[in-house]
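Participant:
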Amino acid sequence: MARLVIVSNRVPIPKARGASAGGLAVALRDLLTPGTMWFGWSGRLSSEPAVEPAIVEARGVTYATIDLTSEAYRGFYVGFSNGALWPLLHFRLGLMHFRREDYDCYLSVNRSFAESLATVLQPDDTLWAHDYHMIPLGRMLREQGFHGPLGFFLHIPFAPPSMMEALPVARELIADLCAFDLVGFQTEEHARDFRDCAQRMLGATVQGEWVRLNGRSMRAFADPIGIDAESFRQDAVRAVNDKLVQRVAGSLAGRALAIGVDRMDYSKGLPQRFEALARLLEKHPEHRRRVHFLQICPRSREEVDEYRKLRAELDRLTGRVNGRFSEFDWTPLRYSTRAAPRTTLAGLYRIGRIGVVTPLRDGMNLVAKEFIAAQDEGDPGVLILSKFAGAAHELTEALIVNPFDPDAIADAMHLALTMPAPDRKDRHSALVEKVFRTTAHAYCQRFIEALSQVKASSVPRAAA
Ligand code: ADQ
Numbered sequence: 001m002a003r004l005v006i007v008s009n010r011v012p013i014p015k016a017r018g019a020s021a022g023g024l025a026v027a028l029r030d031l032l033t034p035g036t037m038w039f040g041w042s043g044r045l046s047s048e049p050a051v052e053p054a055i056v057e058a059r060g061v062t063y064a065t066i067d068l069t070s071e072a073y074r075g076f077y078v079g080f081s082n083g084a085l086w087p088l089l090h091f092r093l094g095l096m097h098f099r100r101e102d103y104d105c106y107l108s109v110n111r112s113f114a115e116s117l118a119t120v121l122q123p124d125d126t127l128w129a130h131d132y133h134m135i136p137l138g139r140m141l142r143e144q145g146f147h148g149p150l151g152f153f154l155h156i157p158f159a160p161p162s163m164m165e166a167l168p169v170a171r172e173l174i175a176d177l178c179a180f181d182l183v184g185f186q187t188e189e190h191a192r193d194f195r196d197c198a199q200r201m202l203g204a205t206v207q208g209e210w211v212r213l214n215g216r217s218m219r220a221f222a223d224p225i226g227i228d229a230e231s232f233r234q235d236a237v238r239a240v241n242d243k244l245v246q247r248v249a250g251s252l253a254g255r256a257l258a259i260g261v262d263r264m265d266y267s268k269g270l271p272q273r274f275e276a277l278a279r280l281l282e283k284h285p286e287h288r289r290r291v292h293f294l295q296i297c298p299r300s301r302e303e304v305d306e307y308r309k310l311r312a313e314l315d316r317l318t319g320r321v322n323g324r325f326s327e328f329d330w331t332p333l334r335y336s337t338r339a340a341p342r343t344t345l346a347g348l349y350r351i352g353r354i355g356v357v358t359p360l361r362d363g364m365n366l367v368a369k370e371f372i373a374a375q376d377e378g379d380p381g382v383l384i385l386s387k388f389a390g391a392a393h394e395l396t397e398a399l400i401v402n403p404f405d406p407d408a409i410a411d412a413m414h415l416a417l418t419m420p421a422p423d424r425k426d427r428h429s430a431l432v433e434k435v436f437r438t439t440a441h442a443y444c445q446r447f448i449e450a451l452s453q454v455k456a457s458s459v460p461r462a463a464a
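Our numbering numbers the first residue of the sequence shown as 1 and each following residue consecutively.
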């Protein structure tokens, strides 16, 4: 098989033997066989980055990275990727800050990636690029003369034409996505929004999943990401021996644990969730002293103003909820900004009676799947899930809520806290079957297979 080259903004170079991998590295683990290359930003800033990437070999995989200048990083990452694209694609137009010079940096960083890749790419490589930082890369590689299969996966949602129109460079970005042979989205809704944009904003011809623009065809399809459910389940079982999990379990003193785990991001619906806890305790005083809500949310992207504001708001809301309801020996809301090792998280999910996953909009949301995989089948907890998370398209047996409505989340919490064991088990067994079916392994296989097919039939009959 041809060599696979994965491209993403950050490259998860294994730090030490046995160190646990996070995020994308876990999702793509099956593809990291000897011979594979992973290319991207080193995470370092330097004044004059070299064109040729630095190479690290680990377990047969080649990690190739380049540095960025601090100016390029600010415009590309802080400015355009996280200051314009992220809010737009999460339906937060009011938070979108578009600046032409940030977009120029975004293009120039993608150009540096393409030029640096040219020094290591072989003509028969297959390339798979990840996420919103890398949209122009496919077109740039084509312009450099690369003819191999080009795939792209968007981890976050997409937006319909009426919203995309707000971004002054939307047409360029949609055309850039069309330069890939295959583009994967988390849900059919996101894939359809993209095809609608291509049709309405660029005049492309759309037939089923195929988009034809300027004489060439590409496919845009849904490929929902999953987790390594079996290894997560095993971590959760093993975590009974984890000291922190034991301490948390002990501190509950028989009370129910409701748990939320999210990066501190305005898309995750955290203020509404804290408000929901207050509503629960107000409307159902019987739960006072009987439930602890633990919210774990490591800080992220603090270079962006909105994220700093969110932190201040959560600090204030935590004080308000606890100030209002705490007793001398009970505090309803515990809130920590620390990251936790995967096994500890798995163990905390397992002792959770409720998993609260209420993003305002989310590509997929892997925490929802992790919570399900971690449960004890004999006495499972209940998942409360936002209807606007990609995961809600699959995990329909969760308690599905509108995350903008704290009362609805409070009602779901009450239902979860009072749900009889047979109901909890029925819901859980349906959910666990899905989480073990749509795994990370299935996600990778589907994408790679679709990429090899799409290239083999680059002018498909359906769209010719
Ligand atoms: P994220 O927005 O980061 O990912 P999510 O899918 O929930 O969201 O993944 C977060 C991951 O980080 C989970 O595996 C979780 O366990 C871990 N995590 C969260 N808090 C942690 C903590 N305190 N300590 C340690 N680990 C923690 C983007 C998109 C999502 C999409 C994913 C994958 O926004 O919609 O599901 O990519 O495609």
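Virtual Cβ for every residue (Gly too), placed ideally from N, Cα, C.
What you are looking at is a predicted structure, and each value in this text was computed from that prediction instead of being measured.
#1: Mapping the DSSP letters down to three states, classify Arg216 as helix, strand or coil.
#2: Roughly how many angstroms separate the alpha carbons of Leu8 and Glu394, rounded to a whole number?
#3: Buried or exposed: which applies to Pro123, given that a residue is buried once 16 or more other Cβ atoms fall within 10 Å of its Cβ?
#4: Buried or exposed, going by whether 16 or more other CB atoms sit within 10 Å of the CB of Glu275?
#5: Out of curiosity, what's the CA-to-CA distance linking Leu127 and Arg139?
#6: Out of Pro422, Pro403, Leu399, state which residue places its alpha-carbon closest to the alpha-carbon of Leu415.
#7: Between which residues of its own chain and Ala408 is the CB-CB distance below 6 angstroms, once the five residues before and five after are set aside?
#8: For a minimum of 3 consecutive residues, which ranges assigned as the beta strand (DSSP E) are wholly contained in the stretch 160-232?
#9: Output needed for Ala198: all residues of its chain with C-beta closer than 7 angstroms, excluding positions within five of it in sequence on either side, in chain order.
#10: Assign Met364 to one of three DSSP states: helix, strand, or coil.
#11: Is Ile351 near the ligand ADQ - that is, is its Cβ less than 6 angstroms away from at least one heavy atom of it?
#12: If I'm right that Ala363 touches His130 with Cβ under 8 angstroms, what's the distance once you round it to whole angstroms?
#13: Over what stretch of residues does the alpha helix (DSSP H) that includes Ala27 continue unbroken?
#14: Pick helix, strand or coil for Glu71, following the three-state DSSP scheme.
#15: Give every residue of the same chain whose Cβ lies closer than 6 angstroms to the Cβ of Pro34, excluding the five residues on either side of it in the sequence, and list them in chain order.
#16: If you check the beta carbons only, do Phe158 and His190 fall under 7 angstroms apart?
#17: Out of Gln234, Val382, Glu165, Ile6, which one is the CA nearest neighbour of Thr343?
#18: Is there at least one non-hydrogen atom of the ligand ADQ closer than 6 angstroms to the beta-carbon of Val467?
#19: For the beta strand (DSSP E) holding Ala114, just list the boundary residues, first then last.
#20: Run the CB neighbour count on Ala421, radius 10 Å, all protein chains shown included, and call it buried at 16 or more, exposed below.
#21: So, for Ala373: in the same chain, excluding its five sequence neighbours on each side, which residues have a beta-carbon less than 6 angstroms away from its beta-carbon?
#22: How many Å lie between Lys369 and Ser81 at the Cα?
Facilitator: So, from the listed chains and residues:
#1: strand
#2: Checking the sequence, you will find Ser at residue 8 rather than Leu. In a straight line, the C-alpha of Ser8 is about 26 angstroms away from that of Glu394.
#3: exposed
#4: buried
#5: Approximately 13 angstroms, taken between the alpha carbons.
#6: Leu399
#7: Closer than 6 angstroms at the Cβ level, and outside the excluded window around Ala408, lie Val401, Asn402.
#8: 182-185, 205-207, 210-213, 216-222
#9: Ile174, Cys178, Ala204, Val206, Val211, Leu213
#10: coil
#11: no
#12: Position check: residue 363 holds Gly in this sequence, whereas Ala was assumed. Not confirmed; about 12 angstroms, so no contact.
#13: 23-27
#14: helix
#15: Gly60
#16: yes
#17: Nearest of Gln234, Val382, Glu165, Ile6 to Thr343, Cα basis: Gln234.
#18: With the chain covering 1 to 464 only, the question about residue 467 has no answer from this structure.
#19: First-last for Ala114: 100-118, but that is the alpha helix (DSSP H), not the beta strand (DSSP E).
#20: exposed
#21: Ala229, Phe232, Arg233, Val435
#22: 26 angstroms
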